[in-house]
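Chains A, B and C are the protein sequences, given in the same order.
First residue of the first sequence: -19, per our numbering; consecutive thereafter.
First residue of the second sequence: 427, per our numbering; consecutive thereafter.
First residue of the third sequence: 15, per our numbering; consecutive thereafter.
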Amino acid sequence: MKMLSLLVILPLAGAFLIPAFARISTNLARVVGPLILVYLLSLIIPIYTAFEVNQSSSIQFAGFIPPYGIAFYIDELALLFSLITLIAFLMIWPWGKTNLDANHQEVREYSLYLLLLSASLGLILSADLFNLYVFYELLAVASYGLIAKQDTNKAGVASAASLRYLFLSASGSVMLLLGIALIYTQTGTLNIAHISTLANDKLQNFAGFAACLLILIGVGVKAEMFPVNSWVPEVYGVIDRRLTALFAGLISKIAVLFIAKVLIMIYQQEFILNIILFIGLLGVISGELIAYRAKDMVRMLSFSSIAQLGLVFIALAIPGEVGLFIALALMLHHLIVKSALFFLSEKMHSNLDQLKGLYHQSPIIVILFIFLILSLLGIPPLPGFWIKLNLIINLTSVTNGYLAIGFILLATVIESAYLFKLVKTMIAKTDDVHAAYQNGQQKSYYFALILSLGLLATTISITKVSDSIQNMAKNAANKELYIRSLVPDISKQHKLSSTNRISQLTMHNRQQEL
Amino acid sequence: MSKFSTLIFISGLSFLLIVITAQLPIAHPPMLIGQHIIDNAIQDTGVSNIVTSVVLAYRGLDTLGELAILFTAASAIGLLLVTQVNSSAKQVQISNPNFIIENALNLLFPLLLLVGFYIIFHGHLTPGGGFQGGVIIASAFFINILSKPFKATDSEIEKSHQNLTIIESLSGFTFIAIGLYALISGPDFLSPFLSHGQLGSLWSACTLPFLYIAVGLKVGAELSSLLITLYDSEELKD
Amino acid sequence: MVLLYTDFATYLTTDIILYTGAIGLLLIGLLGLLILKNIFRLLLSLVIFESGANLFLVLSGFRTHGVAPILINSQDNISQMVMNDPVPQALVLTAIVIGVGIQALTLTLIIKIYQRYQTLDMKEIHIKLEQDIANIAQTSPLASQDKPQYMTNQTEHSNKGISSGGQV
Chain A
-19 MKMLSLLVIL PLAGAFLIPA FARISTNLAR VVGPLILVYL LSLIIPIYTA
31 FEVNQSSSIQ FAGFIPPYGI AFYIDELALL FSLITLIAFL MIWPWGKTNL
81 DANHQEVREY SLYLLLLSAS LGLILSADLF NLYVFYELLA VASYGLIAKQ
131 DTNKAGVASA ASLRYLFLSA SGSVMLLLGI ALIYTQTGTL NIAHISTLAN
181 DKLQNFAGFA ACLLILIGVG VKAEMFPVNS WVPEVYGVID RRLTALFAGL
231 ISKIAVLFIA KVLIMIYQQE FILNIILFIG LLGVISGELI AYRAKDMVRM
281 LSFSSIAQLG LVFIALAIPG EVGLFIALAL MLHHLIVKSA LFFLSEKMHS
331 NLDQLKGLYH QSPIIVILFI FLILSLLGIP PLPGFWIKLN LIINLTSVTN
381 GYLAIGFILL ATVIESAYLF KLVKTMIAKT DDVHAAYQNG QQKSYYFALI
431 LSLGLLATTI SITKVSDSIQ NMAKNAANKE LYIRSLVPDI SKQHKLSSTN
481 RISQLTMHNR QQEL
Chain B
427 MSKFSTLIFI SGLSFLLIVI TAQLPIAHPP MLIGQHIIDN AIQDTGVSNI
477 VTSVVLAYRG LDTLGELAIL FTAASAIGLL LVTQVNSSAK QVQISNPNFI
527 IENALNLLFP LLLLVGFYII FHGHLTPGGG FQGGVIIASA FFINILSKPF
577 KATDSEIEKS HQNLTIIESL SGFTFIAIGL YALISGPDFL SPFLSHGQLG
627 SLWSACTLPF LYIAVGLKVG AELSSLLITL YDSEELKD
Chain C
15 MVLLYTDFAT YLTTDIILYT GAIGLLLIGL LGLLILKNIF RLLLSLVIFE
65 SGANLFLVLS GFRTHGVAPI LINSQDNISQ MVMNDPVPQA LVLTAIVIGV
115 GIQALTLTLI IKIYQRYQTL DMKEIHIKLE QDIANIAQTS PLASQDKPQY
165 MTNQTEHSNK GISSGGQV
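In structure tokens, the structure reads:
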């Protein structure tokens, strides 16, 4: 289990060595990345299959016990997301780069991908607030570099999009740092498990609440949260489709996992959950309304993605393990569907009006598209229906829940309006030959096919999948298990002091009765 | 945003920040992990500079992440800016030769290198360490370039980039290799494993001086390469 | 009058001044990011914002009459000294270096943007970026249906400027 720390370290080592290997031979530098990915997969698959249901363990670094040192927390949720990350990076790896120029700097793009991988895995596994901040910054800087590198013919368009994203994301990171500083001044520690034992005493004042808001805004930039998501259409409009699939599908979910960790372990007050409900609601409504007006495919899909992430925030507003279960199901569903849609859109013309008659040029693409959007909307028996049904049923027990249900249904109506209008355009008969079908990369089409088959398999075995996700959520939301695995000495002290307090309270009550 | 609403927003925010600061425990923080580290750092790692033990031992993974971020920024800059091609073999003059600048900077160059390496090597005894020393070394090399009135030829730039890239990659890998050796042979990644040595002497504090030397060389090589790339880039030609 | 002044002066301890400095830097940086339009000045505001946050983080480790957490003479007894907290100092070291990396990358992006758009004004760059994204997606940029006539003329004028001068 200690070897799982290699998940974060090996990609860093590979990234550092790639420019040196490029001096020896460019083919050697080209093959380092996929080799590391395959090795990490071979490391994690045996552990994942042998993992028992309620098992959790922690890896400590540098031989110091957390909270004095840094620790990683391994449970089924972390392993599943690590597996998904490795497979996703294997899918979008740029295999076919042939223009490695003479001064060997182009290989550094491979090291940027490896650094992005290391940062994603670190964000999933880490259990220490400042370590999460460092990996979050690594994710941000690697993505600035990858986005800006998408310029074709030395144009500066992608650099402009990357700069606007940078200003927003760097301000968010500063706010995240301020939030962590505020938590440190109140509690004196940086380990999430340790903070969660102290949260009831020390983080109930205004400084704790301000720290929560700052962390939300800071991480919300990457998680496409309502006020700070203006970068999404600009960036997704200039980068490659497969990179868009990675950012919209995977990286935003990892940022939401960061927020979920902080909320579940540290801040579970009703006031804060209410705020998250409203943020999610605003995200859903703004996303769907702007997507309705969109005239090109990428803009429509990116605003639809903002709306789906708003749904995830609404799900996180439901307290306890139920909220985490629905949020996880929404995240996994959106990961599969949105990535497949982005891969599929590479074969279609960007302008939505030009898609007339696509059905007659390539029926399979349209059938796949219809299958995916039916699941996105929530039509039975596809998984999207069950998830939305669960969300609506559980929202009735939350304050302002009925308001949220109303808005979610309204958003679904708007979504179905523009999506079915698009399908009608695709099926329409047309005489003149439009360039609706583009010759994008064949690989993307196969990936979309694989993801749709995965969705079909999930539809068939929906009860089994739902049970396993529910167990995963129950395990992940179990605060006692988290604290016990990470900081066992402090959890014993905490239990002792809390039982003392309970016995004191019962004695006090008995005295009052007397 | 309009200026008036921005001013209202900023004044409201300043009021909130003042309220938060009034609630903070100023000058008596709850040092839950800080006190434990101060009490145990010397037994655990044998350093005199407790901040170094926090940076390299207790929070070594954060330092590795920080190195990775610098590497990412330098790689992205190297990818985006194309160094200019000076295909002519003869030297291009870019400024008038200035006696004072050339000789003063020639005097400063070894002194800066000396100070930089001193700060790196004594990182576990005095305030300083790899990052600070690395930046000083990078500035030493950059001053060397700035002082010359002739622009470097294509082959010189290529060779300097080659050497700097190799130093950068190998020193970064050395940091990870020391940690991996600790992972494979002993307890965990980046555990300090050599002898503690005598407190306060240069040969003390387990593997921490070697880690700082790797950090200093990497930061120095990286920032030098970054500055050379910015200086020689084609985009800045007028 | 003198008594009032000395009363006030006793409250102005070092930490209050430093916290005022940190909050001031944060507010100045944020104000700059919201108001300014030149992207180079936006970068400088970001630098000030980050400095404010770093100062705030370092101040959280300050103790009254605390000394730096370094053993000067190896004969010193740690348990008798009041040392400042070493953890925020290490955290700020990391945060400063991260900030430096981001600032260097921002400068490179500014260079590339100037090379293409020949302007450093954020509003103009935003408009031109929207136009370029619409060109990539082969649609027209989104416009409100009741946009008044003079604004339509203005965007047509800027379109002409781009198609003649820029290169995609």
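Note that CB positions come from ideal geometry on N, CA and C, so glycine has one too.
Bridge partners - residue i, DSSP secondary structure assignment
{"i": "alanine 51/A", "result": "Gln40/A"}
{"i": "glycine 623/B", "result": "Ser630/B"}
{"i": "serine 417/A", "result": "Looking at the sequence itself, residue 417/A is tyrosine, so the reference to serine does not match. Note: tyrosine 417/A sits in a beta bridge opposite Met328/A."}
{"i": "aspartate 108/A", "result": "Asn171/A"}
{"i": "valine 81/C", "result": "Met97/C"}
{"i": "asparagine 52/C", "result": "Asp135/C"}
{"i": "aspartate 276/A", "result": "Asn331/A"}
{"i": "asparagine 475/B", "result": "Ile84/C"}
Proximal residues of chain B, C-beta to C-beta of residue i below 8 Å
{"i": "serine -15/A", "result": "Leu609, Asp614 and Phe615"}
{"i": "lysine 129/A", "result": "Ala502, Leu505 and Leu506"}
{"i": "leucine 118/A", "result": "Gly491, Ala494, Ile495 and Thr498"}
{"i": "glycine 495/A", "result": "Residue 495/A lies beyond the range of chain A shown here (-19 to 494); nothing can be said about it."}
Exposure of residue i, with buried meaning 16 or more beta-carbon neighbours within 10 Å
{"i": "methionine 406/A", "result": "buried"}
{"i": "proline 468/A", "result": "exposed"}
{"i": "phenylalanine 430/B", "result": "exposed"}
{"i": "leucine 494/A", "result": "Its pLDDT being 49, under 50, leucine 494/A is placed unreliably in this model, and the coordinates cannot settle the point."}
{"i": "leucine -13/A", "result": "buried"}
{"i": "serine 172/C", "result": "Low confidence applies to serine 172/C: its pLDDT is 45, below 50, so where it sits in the model is not reliable, and the reading given next is rough at best. Result: exposed."}
{"i": "serine 177/C", "result": "With a pLDDT of only 41 at serine 177/C, under 50, the local geometry of the prediction cannot be trusted, and the value read off the model is given with reservation. Its Cβ having fewer than 16 others within 10 Å, serine 177/C is exposed."}
{"i": "leucine 466/A", "result": "buried"}
{"i": "proline 363/A", "result": "buried"}
{"i": "glycine 598/B", "result": "buried"}
{"i": "threonine 169/A", "result": "buried"}
{"i": "leucine 94/A", "result": "buried"}
{"i": "tyrosine 33/C", "result": "buried"}
{"i": "leucine 158/A", "result": "buried"}
{"i": "phenylalanine 186/A", "result": "exposed"}
{"i": "leucine 443/B", "result": "buried"}
{"i": "arginine 496/A", "result": "Here chain A covers residues -19 to 494 and nothing more, so residue 496/A does not appear."}
{"i": "threonine 153/C", "result": "buried"}
Residue span of the alpha helix (DSSP H) that contains residue i, given as start and end
{"i": "phenylalanine 251/A", "result": "250 to 272"}
{"i": "glutamine 85/A", "result": "Per DSSP, glutamine 85/A belongs to no alpha helix (DSSP H) and is neither H nor E."}
{"i": "alanine 500/B", "result": "486 to 506"}
{"i": "alanine 58/A", "result": "56 to 72"}
{"i": "proline 575/B", "result": "From DSSP, proline 575/B is part of no alpha helix (DSSP H); its letter is neither H nor E."}
{"i": "aspartate 470/B", "result": "458 to 471"}
{"i": "glutamate 204/A", "result": "From DSSP, glutamate 204/A is part of no alpha helix (DSSP H); its letter is neither H nor E."}
{"i": "glycine 438/B", "result": "429 to 449"}
{"i": "valine 12/A", "result": "6 to 29"}
{"i": "aspartate 447/A", "result": "442 to 456"}
{"i": "alanine 235/A", "result": "232 to 245"}
Contacts of residue i in chain A (Cβ-Cβ under 7 Å)
{"i": "glutamate 492/B", "result": "Val114"}
{"i": "leucine 487/B", "result": "Phe41, Ile50 and Asn111"}
{"i": "aspartate 146/C", "result": "Val137"}
Within chain C, the residues that residue i reaches when beta carbons sit closer than 7 Å
{"i": "tyrosine 417/A", "result": "Going along chain C, no residue has its Cβ under 7 Å from tyrosine 417/A, so there is no contact; the nearest lies around 15 Å."}
{"i": "valine 481/B", "result": "Ala104 and Leu107"}
{"i": "glycine 136/A", "result": "Lys126, Ile127, Gln129, Arg130 and Tyr131"}
Chain-ordered chain B contacts of residue i [CB-CB under 7 Å]
{"i": "threonine 504/A", "result": "As displayed, chain A neither begins before -19 nor continues past 494, which places residue 504/A out of reach and without an answer."}
{"i": "serine 91/A", "result": "Ser501"}
{"i": "glutamine 85/A", "result": "Gly504 and Leu505"}
Chain A residues whose Cβ lies nearer than 8 Å to that of residue i
{"i": "glutamine 588/B", "result": "Arg3"}
{"i": "glycine 115/C", "result": "Val121"}
{"i": "histidine 462/B", "result": "Tyr48"}
Proximal residues of chain C, C-beta to C-beta of residue i below 9 Å
{"i": "proline 553/B", "result": "Ala82 and Ile84"}
**OP:** Let me know the alpha helix (DSSP H) ranges lying completely inside the segment 542 to 573 of chain B, each 4 residues or longer, listed in chain order.
**Re:** 556 to 573
Original post:
What are the complete alpha helix (DSSP H) segments, minimum 4 residues, inside the segment 369 to 433 of chain A?
Top reply: 381 to 407
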